[in-house]
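Visitor: Encoded as structure tokens, here's the structure I'll be asking about.
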Amino acid sequence: MKRADYITWDQYFMGIAIMSALRSKDPGTQVGACIVDNDNRILSVGYNGMPTGCNDDDMPWNRDGEGLASKYFFVCHAELNAILNYRGGGTLKGSRCYATLFPCNECAKAIIQSGIREVIYMSDKYADTDSTIASKKMFDMAGVKYTPYKQNHKQISFEL
Numbered sequence: 007m008k009r010a011d012y013i014t015w016d017q018y019f020m021g022i023a024i025m026s027a028l029r030s031k032d033p034g035t036q037v038g039a040c041i042v043d044n045d046n047r048i049l050s051v052g053y054n055g056m057p058t059g060c061n062d063d064d065m066p067w068n069r070d071g072e073g074l075a076s077k078y079f080f081v082c083h084a085e086l087n088a089i090l091n092y093r094g095g096g097t098l099k100g101s102r103c104y105a106t107l108f109p110c111n112e113c114a115k116a117i118i119q120s121g122i123r124e125v126i127y128m129s130d131k132y133a134d135t136d137s138t139i140a141s142k143k144m145f146d147m148a149g150v151k152y153t154p155y156k157q158n159h160k161q162i163s164f165e166l
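What follows is the structure, given as structure tokens:
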């Protein structure tokens with residue numbers, strides 16, 4: 007008889023998004039994303055970090071400060087990285103994006119334009135910000151579904 011306590015697809019893909027977030031060098035916020043198709047195949051992953059070719063030792067990681075003194079002009083978000091990292095040669099149309107943090111307005115635009123139809127998110131801690139409100143407005147207008155991830159499982163661990 008097969009095992010009954012295996013994880014769901016949602017748990018699996020959010021787990022990959024969480025693992026991707028652990029690659030982020032951002033000292034304040036680590037975000038991961040995993041894009042999957044309707045057949046539950048992983049199309050791409052991403053995490054927040056500096057653009058390829060930019061030495062992250064020479065870049066600001068501060069949250070505070072104005073303009074060039076903070077990270078905000080430089081960091082590429084996890085969802086955008088996952089979209090840009092896609093190398094499948096096809097399209098992301100109709101896919102789902104698992105994200106550890108609700109997408110900002112800039113990532114929402116990229117999600118909509120790339121054809122992703124659903125975002126499953128773990129945290130919505132910036133729900134009251136203009137950026138997140140704008141994201142939800144655009145998602146609603148474009149028909150992109152956004153679903154909170156339900157953590158209905160025990161802690162996941164693995165032993166060999």
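Start counting the sequence shown at 7; every next residue gets the next number (the working numbering).
C-beta: ideal position from N, C-alpha, C; glycine also.
In this text the structure is predicted, and so the values were computed from the model without any measurement.
1. Where do the ends of the beta strand (DSSP E) carrying Cys-103 lie?
2. Going by the CB atoms, is the gap between Ala-27 and Val-37 shorter than 8 Å?
3. Does the distance from the C-beta atom of Asp-32 to that of Gly-55 stay below 8 Å?
4. State the Cα-Cα distance for the pair Leu-86 and Arg-9, rounded to the nearest angstrom.
5. Report, in whole angstroms, the separation of the C-beta atoms of Ala-105 and Tyr-127, which I expect to be a contact under 8 Å.
6. For Lys-151, name the three-state secondary structure that DSSP assigns.
7. How many whole angstroms separate the CB atoms of Leu-49 and Ser-101, which I take to be in contact at a CB cut-off of 8 Å?
8. Using DSSP with H/G/I as helix, E/B as strand and the rest coil, what is Ala-39?
Guide: Let's see:
1. Numbered from 1 along the sequence shown, position 97 holds the residue referred to as residue 103. Here the beta strand (DSSP E) through Cys-103 covers 102–107.
2. If you number the sequence shown from 1, residue 37 lands on position 31. If you number the sequence shown from 1, residue 27 lands on position 21. Going by C-beta atoms, Val-37 is nearer than 8 Å to Ala-27.
3. Here residue 32 corresponds to residue number 26 of the sequence shown, with the count starting at 1. Here residue 55 corresponds to residue number 49 of the sequence shown, with the count starting at 1. Against a cut-off of 8 Å, the Cβ pair of Gly-55 and Asp-32 comes out as a contact.
4. To locate residue 86, count along the sequence shown from 1; it is residue 80. To locate residue 9, count along the sequence shown from 1; it is residue 3. For Leu-86 and Arg-9, the gap between their C-alpha atoms comes out near 37 Å.
5. For the purposes of this step, residue 105 is taken as residue 99 along the sequence shown, with counting starting at 1. For the purposes of this step, residue 127 is taken as residue 121 along the sequence shown, with counting starting at 1. So it is a contact: roughly 5 Å between Cβ atoms.
6. Here residue 151 is taken as the residue at index 145 of the sequence shown, counted from 1. Here Lys-151 sits in strand by DSSP.
7. Taking the first residue of the sequence shown as position 1, residue 49 is located at position 43. Taking the first residue of the sequence shown as position 1, residue 101 is located at position 95. Indeed, because the Cβ distance is near 6 Å, the residues count as touching under 8 Å.
8. Residue numbering aside, residue 39 sits at position 33 when the sequence shown is read from its first letter. In this structure, Ala-39 counts as strand in the three-state DSSP scheme.
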